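S.K.: Got a structure for you, written out below as structure tokens; questions coming shortly.
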């Protein structure tokens, strides 16, 4: 009888130990899952602005092109940003980038993707039938910072392409980059780029301009 009681005590101890071990294992697994999710998020997000990064944009462009979605992509370059960095400083420049990122996020329609490619370049993958071209001027219609009590405004040069016109993301990016520089050339010829001017130029050669009132 004492032997049976002793065996029972040992068995209970083993069961308790196993239960505690399972609990610890589950906690470790949950921790690992969180780490993997964080790593995945890190690989998809721009660390300064929280927007999608270049890799995530590339994936989404490929997915949309494979699906044959009728969508436009917009490549934006901030006009006047170098002056902010050089004159006011890089910390202010970072805050300006975050301000622009937040305004872009608030401007696009649900389902659109906003990404930061690096520096002061952003890209918007609009929804099918979206109207970002009509809304982009509102991102720059008010100051983004101030310097010595004077409001500082930026403008933007924007290249636009239609996904269905291209067979590869590489070709699309080359075309939208060329369209952006056509818009940038018009901005340079107009001058006074920091006053809220937005110029959109597409890969077919058309352009449109918006000026802050």
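In my numbering, the protein residues as written are 1 to 213.
Built from N, CA and C at the ideal position, the CB exists for glycine as well.
All figures in this text were calculated on a predicted structure; none of them were measured in a lab.
Ignoring anything shorter than 3 residues, give me the beta strand (DSSP E) runs that lie fully in the stretch 97-162, in order along the chain.
M.R.: DSSP runs (the beta strand (DSSP E)) wholly in the stretch 97-162: 113-118, 121-125, 145-147, 150-152 and 155-162.
S.K.: Assign residue 45 to one of three DSSP states: helix, strand, or coil.
M.R.: The answer is strand: DSSP assigns residue 45 an E or B state.
S.K.: Looking at the secondary structure, which residues open and close the beta strand (DSSP E) in which residue 51 lies?
M.R.: Segment: none, residue 51 is in no beta strand (DSSP E) and carries neither H nor E.
S.K.: For residue 215, which beta-bridge partners are listed by DSSP?
M.R.: Past the boundaries of the shown model lies residue 215; the chain is included only from 1 to 213, so the question cannot be answered.
S.K.: Name the two residues that bound the continuous beta strand (DSSP E) containing residue 73.
M.R.: Per DSSP, residue 73 belongs to the beta strand (DSSP E) from 72-79.
S.K.: Run through DSSP, which three-state label would residue 167 get?
M.R.: Three-state result, residue 167: coil.
S.K.: Near residue 127, which residues of its chain fall below 6 Å by C-beta distance, leaving aside the five closest residues on each side in sequence?
M.R.: Only 109, 111 and 112 meet the Cβ criterion.
S.K.: Kindly confirm or deny that the stretch 130-145 and the stretch 41-59 touch, where touching means at least three C-beta pairs closer than 8 Å.
M.R.: No, the stretch 130-145 does not touch the stretch 41-59.
S.K.: Decide yes or no for the touch test of the stretch 56-63 against the stretch 138-149: beta carbon pairs closer than 8 Å, at least 3 of them.
M.R.: Verdict: no, contact absent.
S.K.: Looking at C-alpha atoms only, which residue of 63, 65, 199 and 72 is the closest neighbour of residue 156?
M.R.: Selected option, being the one with the closest Cα: 199.
S.K.: How would you call residue 185, buried or exposed, if buried means at least 16 neighbouring beta carbons within 10 angstroms?
M.R.: Flag for residue 185 reads exposed.
S.K.: With a cut-off of 8 Å on the beta carbons, I'd call residue 124 and residue 104 a contact; round off their distance for me.
M.R.: Their Cβ separation, rounded to whole angstroms, is 7 Å, which keeps residue 124 and residue 104 in contact under 8 Å.
S.K.: Taking the beta carbon of residue 89 as the centre, do at least 16 other beta carbons fall within 10 Å, making it buried, or is it exposed?
M.R.: So residue 89 counts as exposed.
S.K.: Tell me whether the beta-carbon of residue 121 lies closer than 7 Å to the beta-carbon of residue 86.
M.R.: Taking 7 Å as the Cβ cut-off, residue 121 and residue 86 do not qualify as a contacting pair.
S.K.: Have a look at 71, 70, 100 and 75 and flag the residue whose alpha-carbon is nearest the alpha-carbon of residue 152.
M.R.: If we check each option's Cα against that of residue 152, 100 comes out closest.
S.K.: Any idea what DSSP makes of residue 68, helix, strand or coil?
M.R.: Coil, per DSSP.
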